[in-house]
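Below is one structure, written out as structure tokens; the observations come after it.
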Amino acid sequence: MAQIDIEHAKKEFDKYLQDFDLENPKILLKKVHTYGVIKAADYICTREELGAGDRDLALLIALLHDIGRFEQLRAYNSYDDDRFDHARFGVKLLFEQGKIRDFISCADYDEVIRQSIACHSMYRLPEIQDPRILLHCKIIRDADKLDNFRVKSVDSLEAHFDLLGEIIQKEGISENVLQAVRDHRCVRREERKTHLDMWVSYMAFIFDLNFSSSFRFIQEHDYINRCIDRMDYSEKNTKESMEEVRRICLDYVQEYAER
């Protein structure tokens, strides 16, 4: 198979972004996120001792995984996939409109890239028989979640929610969302009723991680504590619920980091 020129692909990606308003904080956030996902994917590949070919492929997938987000933000200035499925549009842009050839000249890896991008934001992976496609679907899903923890720990709450953090921290957490955390599963979009439900659902990303290195990455950056401590939860019940979420998540990360 042909080698992947990741530096060429990055130059083409930056050229693609020239058509968008990078002064829009949401678009800038997604550009920074893309490069954060590349770093996380590199971390996973290094710690899991994958070969150079799979590492380069994982970095290319990371570079392209959210390419559909930029058109979504230009059209709606929103991350709401109910209005615009960014993964599906990314696949269409790359493979139906032929944009993929800007980033890699050969078609050797097209099916791995296509399925990895198509599946990266699904609630859970479908059954995938091809071991290499399955591997790269798992890598991009983990890397995407790992950088989402960074985003949630440092970027403005207003950029995430279009609402002041002071308002969000006065909300409550729905019992069904708490139960999902207790059951060690991700929260479905339709289960979330409040902005704090959404916040807790980000913590629950850990229940869909695939590699022990991903859990070590969470530990090294102390992301559970950093994200939970971003807000001063006003309601006593909410504070208690968030401490329960913290305890469950930290224990789970510790257990799987050691496997």
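Quick note on the UniProt record's numbering: the sequence shown kicks off at 1 and runs consecutively.
Ideal Cβ positions, reconstructed from N, Cα and C, are used throughout, including at glycine.
Next on the checklist: Under DSSP, the alpha helix (DSSP H) around D144 begins and ends at which residues?
Outcome noted: P131 to V154
Next on the checklist: Here's the rule I'm using: 16 or more other beta-carbon atoms within 10 Å means buried, otherwise exposed. How should Q129 be labelled?
Outcome noted: exposed
Checklist entry - Helix or strand or just coil, what does DSSP make of W242? => result Sequence inspection shows Met at residue 242; the Trp mentioned does not correspond to that position. Three-state result, M242: helix.
Checklist entry - In this structure, does DSSP put A62 in helix, strand or coil? => result helix
Item to check | Reference E49; option with closest CA among F211, H86 and S105 | outcome: With distances taken between Cα atoms, E49 lies closest to F211.
Next on the checklist: I'd like to know if the region 132–141 and the region 55–71 are in contact, where contact means that at least 3 CB-CB pairs between them fall below 8 angstroms.
Outcome noted: Counting C-beta pairs with one atom in each stretch, the region 132–141 and the region 55–71 have three or more that are closer than 8 angstroms, which means they touch.
Item to check | Pair within 8 angstroms by beta-carbon distance, L94 and I67 | outcome: yes
Checklist entry - According to the neighbour-count rule (16 or more other Cβ atoms, all chains shown, within 10 Å of its Cβ), is Q3 buried or exposed? => result With a threshold of 16 other beta carbon atoms within 10 Å, Q3 falls short and is exposed.
Checklist entry - Can you name the start and end residues of the alpha helix (DSSP H) that S201 belongs to? => result Here the alpha helix (DSSP H) through S201 covers H195 to M203.
Checklist entry - Do the region 226–244 and the region 144–160 meet, that is, are 3 or more Cβ pairs less than 8 angstroms apart? => result yes
Checklist entry - So the alpha helix (DSSP H) K26 belongs to, where does it begin and stop? => result K26 -> alpha helix (DSSP H) spans P25 to R47.
Next on the checklist: Am I right that I27 and L73 are in contact with their C-beta atoms under 8 angstroms? What's the rounded C-beta distance?
Outcome noted: 5 angstroms
Checklist entry - Helix or strand or just coil, what does DSSP make of F70? => result helix
Checklist entry - Does the region 88–102 come close enough to the region 111–118 to have 3 or more Cβ pairs within less than 8 angstroms? => result Contact between the region 88–102 and the region 111–118 is present: 3 or more CB-CB pairs across the two stretches fall below 8 angstroms.
Checklist entry - Should E171 go down as buried or exposed, given a rule of 16 or more other Cβ atoms within 10 Å for buried? => result buried
Item to check | Beta-carbon contacts of Y202 that lie in its chain and below 6 angstroms, excluding the five residues immediately before and after | outcome: K152
Item to check | Inter-residue CB distance, A9 and I133 (contact presumed, cutoff 8 angstroms) | outcome: Contact flag wrong, Cβ pair sits at about 19 angstroms.
Item to check | Y76 versus D162, C249, V177 and E166, residue with shortest Cα-Cα distance | outcome: For Y76, the nearest C-alpha among the options comes from D162.
Next on the checklist: Could you compute how far the alpha carbon of K236 sits from the alpha carbon of T46?
Outcome noted: 43 angstroms
Checklist entry - Would you report the Cα separation of D54 and L157, rounded to the nearest angstrom? => result Between the alpha carbons of D54 and L157 lies a distance of about 35 angstroms.
Next on the checklist: Just to confirm my understanding: we take A87, look at its own chain, exclude 5 residues before and 5 after, and list those with CB closer than 7 angstroms. What are they?
Outcome noted: G68, I117, A118, H120 and S121
Checklist entry - Would you call H195 buried or exposed, if buried means 16 or more other Cβ atoms sit within 10 Å of its Cβ? => result A residue is called buried once 16 or more other Cβ atoms fall within 10 Å of its Cβ, and H195 is buried on that count.
Checklist entry - What are the boundary residues of the alpha helix (DSSP H) that K10 is part of? => result I6 to L17
Item to check | Sequence-distant residues of the same chain with beta carbon closer than 7 angstroms to D102, five excluded per side | outcome: E12
Item to check | Proximity of A257 and D147 at Cβ, strictly below 8 angstroms | outcome: no
Item to check | Inter-residue spacing [alpha-carbon to alpha-carbon] between D251 and D5 | outcome: 40 angstroms
Item to check | For A107, the three-state DSSP class (helix, strand or coil) | outcome: coil
Item to check | Cutoff 8 angstroms; reference H221; Cβ partners in own chain excluding five residues on either side | outcome: So the list reads F149, R150 and S153, once near-sequence residues are dropped.
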